Amino acid sequence: MTRIRANRLALALLLLGTALLYLIGLSRSGWANPYYSAAAQAASQSWKALLFGSLDSANFITVDKTPASLWLMGLSVRVFGLSSFAILLPQALCGVGAVAMLYATVKRWAGANAGLIAGTVLALTPVAVLMFRFNNPDALLVLLLIAGAYGVTRAIQSGQTRWLALAGACVGFAFLTKMLQAFLVLPAFGLVYLIAGPPKLGKRLVQLLVAFGAMIVAAGWWVALAELWPSGSRPYIG
Numbered sequence: 094m095t096r097i098r099a100n101r102l103a104l105a106l107l108l109l110g111t112a113l114l115y116l117i118g119l120s121r122s123g124w125a126n127p128y129y130s131a132a133a134q135a136a137s138q139s140w141k142a143l144l145f146g147s148l149d150s151a152n153f154i155t156v157d158k159t160p161a162s163l164w165l166m167g168l169s170v171r172v173f174g175l176s177s178f179a180i181l182l183p184q185a186l187c188g189v190g191a192v193a194m195l196y197a198t199v200k201r202w203a204g205a206n207a208g209l210i211a212g213t214v215l216a217l218t219p220v221a222v223l224m225f226r227f228n229n230p231d232a233l234l235v236l237l238l239i240a241g242a243y244g245v246t247r248a249i250q251s252g253q254t255r256w257l258a259l260a261g262a263c264v265g266f267a268f269l270t271k272m273l274q275a276f277l278v279l280p281a282f283g284l285v286y287l288i289a290g291p292p293k294l295g296k297r298l299v300q301l302l303v304a305f306g307a308m309i310v311a312a313g314w315w316v317a318l319a320e321l322w323p324s325g326s327r328p329y330i331g
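If you're matching positions, the sequence shown starts at 94 in our numbering and goes up one per residue.
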């Protein structure tokens with residue numbers, strides 16, 4: 094019990110330190126990428142702009158990415174008002190979440206100490222600090238792909254389809270964050286489970302099909318919505 098408490102305390106300190114690292118002085122980045130900041134402002138003024146990721150509240154054209162990261166920024170601006178801190182806050186919180194998810198993933202393979210080391214390395218990596226203090230979509234993308242890796246880990250250890258479906262859903266939602274870049278992990282995820290999954294081969298193949306279906310649903314609902322929405326009443330998809 095003492096070791097468990099010590100590990101929990103160490104994790105809490107790691108996450109607190111990560112939050113402080115990413116949040117203190119966050120407004121110094123100003124509007125960061127003004128392109129996405131403008132879209133976040135538009136999302137705070139129009140629910141349609143929020144849904145489609147419009148660059149402007151008049152819904153003339155969308156940004157160059159699928160809109161998931163803008164959903165977080167737009168909602169943050171709606172809650173806290175328009176400021177650089179409100180726009181950048183979701184990315185910082187994604188960073189804290191990514192560290193926590195990486196800890197949980199590595200812990201299942203190599204123990205709590207290895208998980209703490211992995212989380213610390215991620216938190217302190219200079220490019221990660223920059224990424225989680227900026228408003229590009231990469232922050233949410235990284236969080237979702239690590240969450241997908243956690244789902245694959247749980248699926249390998251338990252053989253349960255739900256964890257593989259969760260991994261597929263995370264990758265699908267990552268597609269709504271930064272499009273095809275989300276699919277870079279698919280060969281690794283699929284091959285690892287195909288080789289290391291505990292069920293028989295036939296069931297593993299069925300489970301992978303279920304995960305693929307979950308990914309299609311998680312990514313495809315917005316694509317279908319954008320395609321089916323009357324073109325005269327939605328922004329031009331840029």
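C-beta: ideal position from N, C-alpha, C; glycine also. As the structure is a computational prediction, the values presented were derived from the model and not from experiment.
Given a cut-off of 9 Å on the beta-carbon distance, is the pair residue i and residue j in contact?
i    : j    : result
S177 : G123 : yes
G331 : V222 : no
A216 : G188 : yes
A248 : Y286 : yes
A240 : A260 : yes
Q300 : L257 : yes
S137 : L181 : no
A133 : M166 : yes
A203 : C263 : no
K293 : P230 : no
L144 : L298 : no
S162 : Y129 : yes
Which partner residues of residue i appear in the DSSP bridge assignment?
i    : result
S147 : T155
Y329 : I154
Any idea if residue i is buried or exposed, counting beta-carbon neighbours within 10 angstroms, 16 or more meaning buried?
i    : result
S251 : exposed
K271 : buried
W315 : buried
G208 : buried
P219 : exposed
L95  : Leu is not the amino acid found at residue 95; the sequence shown has Thr there. Exposed: under 16 other Cβ atoms inside 10 Å.
Y243 : buried
K296 : exposed
K200 : buried
N228 : buried
Y329 : exposed
V172 : exposed
G325 : exposed
A232 : buried
A281 : exposed
P291 : exposed
Starting from the C-beta of residue i, find all residues in its chain whose C-beta is less than 7 Å away, skip the five residues before and the five after it, and write them out in chain order.
i    : result
L108 : V189, V192 and A193
L234 : A267, T270, K271, Q274 and A275
A103 : L209
A185 : Y115, L116, L119, F225 and R226
T213 : L107
Spatial neighbours of residue i within its chain, please: CB distance less than 6 Å, with the 5 preceding and 5 following residues excluded, ordered by chain position.
i    : result
L236 : C187, G190 and A191
K141 : N152
A135 : A142, S147, D149 and S150
V303 : T254 and A258
P160 : G146
List, from N- to C-terminal side, the beta strand (DSSP E) runs of 3 residues or more that fit wholly inside the stretch 221 to 292. none
Going along the chain, which unbroken runs of the alpha helix (DSSP H) with 4 or more residues stay wholly within the stretch 175 to 200? none
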